[in-house]
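The numbers in the sequence shown follow the working numbering, run straight up by one, and end at 62. Encoded as structure tokens, the structure appears first; notes follow it.
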Amino acid sequence: MPLIYGAWITALVFVAANAALLAVRIPAEERALGAAYTRAFAARRRGAAGVRRA
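Below, the structure is given as structure tokens:
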């Protein structure tokens with residue numbers, strides 16, 4: 009929404025803040041889920057669905 013009204017700095021700040029929070033939150037959640045989660049998803053690659061590596 010900020011970009012609709014020309015608030016591009018606000019948009020950039022919130023994108024950066026969201027990325028920083030996710031960089032902390034995702035590893036913390038994976039640690040909390042424990043070894044069973046690690047075993048269940050060991051064969052799967054991490055990343056965006058449908059994105060292929062070259």
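Built from N, CA and C at the ideal position, the CB exists for glycine as well.
For Ala-92, which residues from the same chain have a beta carbon less than 7 Å from its beta carbon, with the 5 sequence-adjacent residues on both sides left out?
-> Residue 92 lies beyond the residue range present for the chain, which begins at 9 and ends at 62; the question has no answer from this structure.
Inter-residue spacing [alpha-carbon to alpha-carbon] between Tyr-45 and Ala-31 | Reading the sequence shown from its first residue, position 37 is the one you call residue 45. Reading the sequence shown from its first residue, position 23 is the one you call residue 31. Going by the C-alpha atoms only, they are around 19 Å apart.
Span separating the alpha-carbon of Arg-53 from that of Arg-47 | Here the question's residue 53 lines up with position 45 in the sequence shown. Here the question's residue 47 lines up with position 39 in the sequence shown. Arg-53 and Arg-47: Cα-Cα distance of roughly 13 Å.
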